[in-house]
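Q:
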Amino acid sequence: MRMTLRLLAATILIMLSLAQTAVAGQFEDELLVLINRYRSTKKLKPLAGSPLYTGLARGHSQTMQEQQSLGHDGFDERFRRAADAQSCVENVGWNHETPKSLFDAWRKSSGHNRNMLDRRIRRAGIGRSGTYVTLFACY
Numbered sequence: 696m697r698m699t700l701r702l703l704a705a706t707i708l709i710m711l712s713l714a715q716t717a718v719a720g721q722f723e724d725e726l727l728v729l730i731n732r733y734r735s736t737k738k739l740k741p742l743a744g745s746p747l748y749t750g751l752a753r754g755h756s757q758t759m760q761e762q763q764s765l766g767h768d769g770f771d772e773r774f775r776r777a778a779d780a781q782s783c784v785e786n787v788g789w790n791h792e793t794p795k796s797l798f799d800a801w802r803k804s805s806g807h808n809r810n811m812l813d814r815r816i817r818r819a820g821i822g823r824s825g826t827y828v829t830l831f832a833c834y
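Residue numbers (the numbering used here): 696 to 834.
#1: Please state whether the Cβ-Cβ distance between Leu812 and Leu742 is less than 8 Å.
#2: Between the C-alpha atoms of Arg818 and Glu772, what's the straight-line distance to the nearest angstrom?
#3: Where do the N-terminal and C-terminal ends of the beta strand (DSSP E) with Gly788 fall, by residue?
#4: Count Cβ pairs between the stretch 754 to 761 and the stretch 791 to 802 that sit closer than 8 Å; are there 3 or more?
#5: Could you please give the first and the last residue of the uninterrupted beta strand (DSSP E) stretch that includes Thr829?
#6: Which term fits His767, buried or exposed, when burial requires 16 or more other beta carbons within 10 angstroms of its beta carbon?
#7: Within its chain, find whatever has a CB closer than 8 Å to the CB of Leu729; leave out the 5 residues flanking it on each side and keep chain order.
#8: Quick one: grab the DSSP three-state call for Gly720.
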């Protein structure tokens with residue numbers, strides 16, 4: 696009986712963890728869709744998702760969450776790790792419940808908006824950790 700309860704508890708924890716990961720991925724995917732729709736209204740090419748850039752963005756979001764601090768610390772290192780990138784841009788955000796809320800905030804900020812509409816960038820990664828989100832995009 697105890698072994699069955701332990702197995703059930705472990706299974707539930709694993710399922711909850713997987714569900715949380717799926718929701719985080721959904722947030723990131725929806726945010727990229729919003730950015731690409733916005734770019735299309737300006738006759739710009741959509742950004743292709745990059746697993747490398749997603750990893751860099753997610754790592755930065757995790758660091759921000761651990762430090763409870765929003766910022767761009769370590770950007771130069773992320774740029775160096777972006778392999779063949781000539782230039783990169785980065786948007787960060789915190790405490791937005793929906794991708795639309797974060798997108799709207801970025802669109803209203805001149806610097807963040809400029810980054811989303813940079814015609815040179817072609818690939819992007821979005822990473823979320825807790826309520827911290829990073830968009831990392833390069834050409």
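Glycine residues also receive a C-beta, built at the ideal position from the N, C-alpha and C atoms.
A: Here's the rundown:
#1: Result no, Cβ atoms of Leu812 and Leu742 do not sit closer than 8 Å.
#2: Going by the C-alpha atoms only, they are around 18 Å apart.
#3: Counting along the chain, the beta strand (DSSP E) containing Gly788 begins and ends at 783 to 789.
#4: As far as the Cβ criterion goes, the stretch 754 to 761 does not touch the stretch 791 to 802, which means the pair count is below three.
#5: Unbroken beta strand (DSSP E) run through Thr829: 827 to 833.
#6: Taking all protein chains shown into account, His767 has fewer than 16 neighbouring C-beta atoms within 10 Å of its C-beta and is therefore exposed.
#7: Once the five neighbours on either side are set aside, the close Cβ partners of Leu729 are Pro794, Lys795, Phe798.
#8: In the structure shown, Gly720 adopts helical secondary structure according to DSSP, grouped into three states.
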